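Chemist: Below are the structure tokens for one structure; questions will follow.
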Amino acid sequence: MKVVLAFLAVGLLFASQVYAPTPPPEEVYVDGWITGTDDDPIPSNAFRVVLHKDGRVSSTNPGGFLYWVSLTTDYELSSATITASIPCDFETHGGNPVKVYLDGMQLYNGSSLTYTASGVPAGGELLMRIHLKYALIGDTVDPSMYPHTYGFDASFNITPAYTIDGSAYTELTAYID
15 MKVVLAFLAV GLLFASQVYA PTPPPEEVYV DGWITGTDDD PIPSNAFRVV LHKDGRVSST
75 NPGGFLYWVS LTTDYELSSA TITASIPCDF ETHGGNPVKV YLDGMQLYNG SSLTYTASGV
135 PAGGELLMRI HLKYALIGDT VDPSMYPHTY GFDASFNITP AYTIDGSAYT ELTAYID
């Protein structure tokens with residue numbers, strides 16, 4: 015009888031380990047998107063380039079852009095670095111065009127496209143916002159180069175080194191008006 019009970023106990027222990035439901039995966043998730051400076055989405059991620067008759071770029075519609083980069087985590091991170099890259103036909107705009115927030119609290123107000131945050135809590139969101147303008151305003155352009163699609167991206171370095179899900183890559187297409 016003792017042998018049967020011991021065998022049954024070992025069998026139940028083995029079954030509970032093999033057939034125990036696995037917890038949902040924890041994640042570090044990243045995303046990126048572009049809005050106008052009013053925080054509204056840009057329809058179809060497309061903007062208009064307005065040309066003078068001589069081919070110089072006079073303006074864009076919308077007039078300015080915000081590139082948003084988000085990192086959310088189920089884990090506590092001792093540090094998280096975001097490095098944004100913008101296309102050469104765009105430039106940062108304003109005295110302090112880069113803002114970084116952790117769960118809505120501003121951590122940074124400056125011009126560097128790289129920021130490292132220490133102590134990102136589990137469930138936290140690190141958000142970078144970059145104010146941009148079209149760098150070709152005032153330049154003469156070849157209208158045959160339009161439409162032109164630009165890619166915006168960011169890289170991430172987190173400690174501890176967990177797998178990152180998602181992408182901060184987004185595109186914006188310029189059309190001649």
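Converting from the sequence shown to our numbering requires adding 14 to each position, the first position being numbered 1.
All C-beta atoms, glycine included, are put in the ideal place defined by N, C-alpha and C.
Predicted, not measured: the structure shown is a model, and the values here were computed from it.
#1: CB-CB under 7 Å to Phe-61, same chain, minus the five flanking residues each way: which ones, in chain order?
#2: What's the gap between the Cα of Asp-153 and the Cα of Val-64?
#3: Could you check the C-alpha separation between Val-83 and Phe-170 for me, to the nearest Å?
#4: Using a Cβ cut-off of 8 Å (strictly closer), state whether Val-64 contacts chain C.
#5: Assess contact between the region 171 to 180 and the region 43 to 60, defined as three or more Cβ pairs (one per stretch) separated by less than 8 Å. Is contact present?
#6: Give me the residue from Asn-59, Val-114, Thr-86 and Lys-67 with the minimum Cα distance to Ile-172.
#7: What first and last residue would you give for the beta strand (DSSP E) that runs through Ser-132?
#8: Would you kindly work out how many angstroms separate the C-alpha atoms of Val-134 and Asp-88, rounded to a whole number?
#9: Would you mind stating whether Asp-53 and Leu-80 have Cβ atoms separated by less than 8 Å?
Modeler: In this structure, then:
#1: Answer for Phe-61: Thr-74, Asn-75, Pro-76, Leu-186 and Ala-188, listed in chain order.
#2: For the pair Asp-153 and Val-64, the Cα-to-Cα distance works out to about 12 Å.
#3: The alpha-carbon of Val-83 is positioned some 10 Å away from that of Phe-170.
#4: The structure shown contains no chain C; it holds only a single protein chain.
#5: With a cut-off of 8 Å, the region 43 to 60 and the region 171 to 180 count as touching, because enough Cβ pairs lie within range.
#6: Measuring from the Cα of Ile-172, the nearest candidate turns out to be Thr-86.
#7: 128 to 134 is the extent of the beta strand (DSSP E) around Ser-132.
#8: Val-134 and Asp-88 have their C-alpha atoms spaced approximately 10 Å apart.
#9: Taking 8 Å as the cut-off, the beta carbon of Asp-53 is found closer than this to the beta carbon of Leu-80.
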